[in-house]
Structures are given as C-alpha cells and as structure tokens.
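Participant: The structure that follows is given in the form of structure tokens.
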Amino acid sequence: MSLNWAEVRNHNKMKNCIFCKIIKKEIPAKIHYEDKDIIVIKDANPKAPIHLLIIPKIHFKSLNEIKSKNQKLLGKLLLTAQKISRKEKFDQNGYKIIINTGENAGQSVEHLHLHLLSGDYKKSGQI
Ligand SMILES: [Zn+2]
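Numbering (our numbering), first residue to last: 353 to 479.
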C-alpha cells in the first residue's frame, strides 16, 4: 500500500481524532443514535438543554473538505437532525443547527459535525 503525503497526514489525524475513536468504540460515549453512515452523541459541554452532535462516520476535517460527491451524506446529516427532532418531539418547539468551520469559527474537533440544539439556548449567550 502506498499513500501520498496528503493521505498520510489525513491518516495520522484520523488516528488521533476523538470522533473517529468514538466511532470505532475506542472511547466510550453516550451514543444517541447510530446507523451505517452517522453517529449522534451528546455534547460533552452542552450549550442548551438538548445539544447533540451529528457526526459522519467518514473523517472530513471540516465542511471545507466536502465535495459534490458527498452531497448525499450532507443531506443525510440534516435529515437525521430533523428525524431526531420529530422523534424526541422538539421539532415544533424549534431547534438550531450549527456547523462551525475552522478554529476561528469555534470548531474544536477537526472532524465535521453538526450541532443540534433545542430548548432555551438563547440564555447561553454563546450561540
Ligand atoms: Zn475523525
């Protein structure tokens, strides 16, 4: 197997990626939902009464790495947010989806993820 440098760098980042470790069950986490493409966990530092992270199982550093061929997965991430909001009955109360892209935008884990927030998140003053 030969990898180019970009692949080697990406592989090394994946090895140290906390979300990849959670996906591979190397680190325990409260898994809220899981299917073959996506895992949903509770945010460790919730900014709202409901604060979930919707994470694709494929490692993308951020939204910047998404290409046209990943369109279906991106759509599935959003639909997963909608399905969870319906199943847990906060769809009518309202919810917010945030994708922080880059450190300056508050992205703390370099593995694409959506924040799904509901409840009284306005009080936090951080979102
Ligand atoms: Zn990762």
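Each residue gets a CB set at the ideal place from its N, CA and C atoms; glycine is no exception.
With a 10 Å radius around its C-beta and 16 neighbouring C-beta atoms as the bar for buried, classify residue 462 as buried or exposed.
Facilitator: Taking the sequence shown and counting its residues from 1, one reaches residue 462 at position 110. Residue environment: residue 462 is assigned as buried (16 or more neighbouring CB atoms within 10 Å of its CB, all protein chains considered).
Participant: Just list the beta strand (DSSP E) runs in the stretch 395–432, keeping only unbroken ones of 3 residues or longer that don't cross its boundaries, in chain order.
Facilitator: Whole beta strand (DSSP E) segments, 3+ residues: 402–408.
Participant: Strictly by DSSP, which residues pair up with residue 367?
Facilitator: For the purposes of this step, residue 367 is identified with residue 15 of the sequence shown, where counting begins at 1. The beta-bridge partner set that DSSP reports for residue 367 is empty.
Participant: Can you tell me whether residue 374 is helix, strand or coil according to DSSP?
Facilitator: By 1-based counting over the sequence shown, the position of residue 374 is 22. Residue 374: helix per DSSP, three-state reduction.
Participant: May I ask you to verify whether the stretch 451–459 touches the stretch 396–412, counting CB pairs closer than 8 Å and requiring at least 3?
Facilitator: no
Participant: I'd like to know if the stretch 382–391 and the stretch 430–437 are in contact, where contact means that at least 3 CB-CB pairs between them fall below 8 Å.
Facilitator: yes
Participant: Near residue 373, which residues of its chain fall below 6 Å by C-beta distance, leaving aside the five closest residues on each side in sequence?
Facilitator: If you number the sequence shown from 1, residue 373 lands on position 21. Correct list, in chain order: 379.
Participant: With a threshold of 6 Å on Cβ separation, who are the neighbours of residue 450 within its own chain once the five nearest residues in sequence on each side are excluded?
Facilitator: Translated into positions along the sequence shown, residue 450 becomes position 98. Only 467 meet the Cβ criterion.
Participant: In whole angstroms, what separates the C-alpha of residue 381 from that of residue 404?
Facilitator: Translated into positions along the sequence shown, residue 381 becomes position 29. Translated into positions along the sequence shown, residue 404 becomes position 52. Looking at the two C-alpha atoms, the distance is approximately 12 Å.
Participant: DSSP state of residue 436, grouped into three classes?
Facilitator: To locate residue 436, count along the sequence shown from 1; it is residue 84. Reduced to three states, the DSSP call for residue 436 is helix.
Participant: Spell out the partners DSSP gives residue 470 in its beta bridges.
Facilitator: Position 118 of the sequence shown, counted from the first residue, corresponds to residue 470. Its beta-bridge partners are 402 and 447.
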